[in-house]
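Below you'll find the structure, written out as structure tokens, and then a few comments.
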Amino acid sequence: MLDLRTVTVMRYILPLREGGSLPALAEADDDFKYVLKFRGAGHGVKMLISELLGGKITEALGLNIPELVFAHLDVDFGRTEADEEIQDLLKFSEGLNLGLHYLSGAIAYDPGIVIDPLLASKIVWLDAFITNIDRTYKNTNMLMWHKELWVIDNGASFYFHHSWQNFDTAAKTPFKYVKDHVLLPKASRLNEADQFAHSVLNENLFRDIVNLIPEEWLHWNDAEESPEEIRDIYFRFMKTRLEHSQIFVNEAQHARG
319 MLDLRTVTVM
329 RYILPLREGG
339 SLPALAEADD
349 DFKYVLKFRG
359 AGHGVKMLIS
369 ELLGGKITEA
379 LGLNIPELVF
389 AHLDVDFGRT
399 EADEEIQDLL
409 KFSEGLNLGL
419 HYLSGAIAYD
429 PGIVIDPLLA
439 SKIVWLDAFI
449 TNIDRTYKNT
459 NMLMWHKELW
469 VIDNGASFYF
479 HHSWQNFDTA
489 AKTPFKYVKD
499 HVLLPKASRL
509 NEADQFAHSV
519 LNENLFRDIV
529 NLIPEEWLHW
539 NDAEESPEEI
549 RDIYFRFMKT
559 RLEHSQIFVN
569 EAQHARG
């Protein structure tokens, strides 16, 4: 049974970068610092769901990813914040958000760094599976920490949920954006990565992962489905995509060629 710890945010430290998601560095009641992703930003709870599902798939594939936690924001949090934009963000983010453990001293991955071809292939496979469009030369979304490669930021994945239709068709797409993946030139062992993924991913795992999605993230104005039906669509998307993984593996190999 999968589980996530829940922490309470005690202190907003600083925003981390410009952009629609406005992540921030914050301190929680366990005295650790986290990179917070807010439900009140950008694509809202759908981005948090992408981070959660993508993060747990990353873990299942044995890749390094900072610990994910549910991060609770109290109703009064942020009222003393001087920046009005940040104050609004915090106000609209009351309740459960998502945090990733802050890797102090980590540096952004440089494409010139030599990494193992199988590791590169597993990360390319991961992003093609979860349809993550945002691990490119422009924005690598990986860190080097203690001489190891760490995967961060899966919020731009599962993009079918923004239109919320034809999920079965979306699950069988080749993922043309793989051509822009920063690790694609190093991913020479994609078939091995595919075989490995099939050995560790399965329906039981997918069901456990979707059951982690908090109920309060599943009441959407643009969907008629109940929270349980929404969870089931994510489950069926991942199940179908794994069954048809050769479609996106072939696309990645073609893009390498």
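Take the sequence shown: its letters are residues 319 to 575, numbered as in the working numbering. For each residue, glycine too, the CB sits at the ideal point set by N, CA and C. Here the structure is a predicted model, which is why all the values come from computation and not from measurement.
The alpha helix (DSSP H) spanning residue i covers which residue range?
{"i": "Pro435", "result": "Pro435 to Phe447"}
{"i": "Phe493", "result": "From DSSP, Phe493 is part of no alpha helix (DSSP H); its letter is neither H nor E."}
{"i": "Glu546", "result": "Pro545 to Glu561"}
{"i": "Arg525", "result": "Glu521 to Val528"}
{"i": "Asn509", "result": "Leu508 to Val518"}
Closest to residue i by C-alpha separation, out of the options, would be which residue?
{"i": "Asp529", "options": "Asn520, Glu466 and Tyr552", "result": "Note on identity: in this sequence residue 529 is Asn, with Asp being the wrong assignment. Closest option to Asn529, Cα to Cα, is Tyr552."}
{"i": "Ile413", "options": "Asp394, Ser422, Leu421 and Pro429", "result": "Reading off the sequence, residue 413 comes out as Gly, not Ile. Residue Asp394 is the option with its Cα nearest to Gly413."}
{"i": "Glu466", "options": "Glu534, Ala378 and Gly423", "result": "Gly423"}
{"i": "Asn522", "options": "Asp434, Lys494, Leu407 and Lys557", "result": "Lys557"}
{"i": "Ile331", "options": "Arg323, Leu343 and Leu320", "result": "Leu343"}
{"i": "Phe485", "options": "His361, Lys456, Ile548 and Asp452", "result": "Ile548"}
{"i": "Gly575", "options": "Arg554, Leu519, Ala505 and Met328", "result": "Ala505"}
{"i": "Asn539", "options": "Thr326, Phe350 and His361", "result": "His361"}
{"i": "Gln513", "options": "Leu436, Leu421 and Pro384", "result": "Leu436"}
{"i": "Lys490", "options": "Asn568, Asp347 and Ile367", "result": "Asn568"}
{"i": "Pro384", "options": "Asn472, Phe555 and Ala438", "result": "Asn472"}
{"i": "Ala511", "options": "Gly380, Ala359, Thr458 and Asp348", "result": "Gly380"}
{"i": "Glu546", "options": "Leu370, Ile375, Asp349 and Ile531", "result": "Ile531"}
{"i": "Gly373", "options": "Ala474, Gln571 and Ser517", "result": "Ala474"}
{"i": "Pro503", "options": "Ala573, Leu408, Asp349 and Phe350", "result": "Ala573"}
{"i": "Leu322", "options": "Glu369, Ser439 and Lys440", "result": "Glu369"}
{"i": "Val363", "options": "Glu561, Phe476 and Ser517", "result": "Phe476"}
{"i": "Asp406", "options": "Ile431, Gly358, Ile367 and His419", "result": "Gly358"}
{"i": "Gln571", "options": "Ile367, Asp498, Asp550 and Arg559", "result": "Asp498"}
{"i": "Ala515", "options": "Pro492, Arg559 and Ile367", "result": "Arg559"}
Just the Cα atoms here: how many angstroms apart are residue i and residue j?
{"i": "Glu403", "j": "Leu354", "result": "16 Å"}
{"i": "Ile527", "j": "Glu534", "result": "16 Å"}
{"i": "Ser411", "j": "Leu340", "result": "12 Å"}
{"i": "Ile425", "j": "Leu334", "result": "14 Å"}
{"i": "Ala488", "j": "Lys494", "result": "12 Å"}
{"i": "Leu444", "j": "Leu508", "result": "11 Å"}
{"i": "Leu461", "j": "Met365", "result": "20 Å"}
{"i": "Phe524", "j": "Lys456", "result": "31 Å"}
{"i": "Trp463", "j": "Pro429", "result": "15 Å"}
{"i": "Asn450", "j": "Glu377", "result": "16 Å"}
{"i": "Asn459", "j": "Tyr427", "result": "8 Å"}
{"i": "Leu519", "j": "Tyr352", "result": "28 Å"}
{"i": "Asp401", "j": "Met328", "result": "18 Å"}
{"i": "Glu345", "j": "Val442", "result": "32 Å"}
{"i": "Phe356", "j": "Phe555", "result": "25 Å"}
{"i": "Ser439", "j": "Ile433", "result": "10 Å"}
{"i": "His479", "j": "Glu561", "result": "20 Å"}
{"i": "Leu371", "j": "Ile431", "result": "28 Å"}
{"i": "Asp452", "j": "Asp348", "result": "31 Å"}
{"i": "Ser544", "j": "Leu536", "result": "8 Å"}
Which whole-angstrom value is the C-beta distance of residue i and residue j, which I expect to be below 8 Å?
{"i": "Asn415", "j": "Leu386", "result": "Not a contact, Cβ separation roughly 11 Å."}
{"i": "Thr454", "j": "Val500", "result": "6 Å"}
{"i": "Ile389", "j": "Val325", "result": "In the sequence on display, residue 389 carries Ala and not Ile. Correct: roughly 6 Å between the Cβ atoms."}
{"i": "Trp482", "j": "Ala446", "result": "Not really, about 21 Å apart at Cβ, beyond 8 Å."}
{"i": "Ile375", "j": "Ile448", "result": "6 Å"}
Which residue marks the beginning of the beta strand (DSSP E) containing residue i, and which one marks its end?
{"i": "Gly417", "result": "Gly413 to His419"}
{"i": "Thr324", "result": "Thr324 to Pro333"}
{"i": "Lys504", "result": "Segment: none, Lys504 is in no beta strand (DSSP E) and carries neither H nor E."}
{"i": "Trp463", "result": "Met460 to Trp463"}
{"i": "Trp598", "result": "Lying outside 319 to 575, the shown extent of the chain, residue 598 is not represented and no answer is given."}
{"i": "Tyr352", "result": "Lys351 to Lys355"}
{"i": "Glu345", "result": "Ala342 to Ala346"}
In chain order, what are the residue ranges of uninterrupted beta strand (DSSP E) at least 3 long that sit wholly in the region 360-403? Qualifying beta strand (DSSP E) stretches, in chain order: 386-391.
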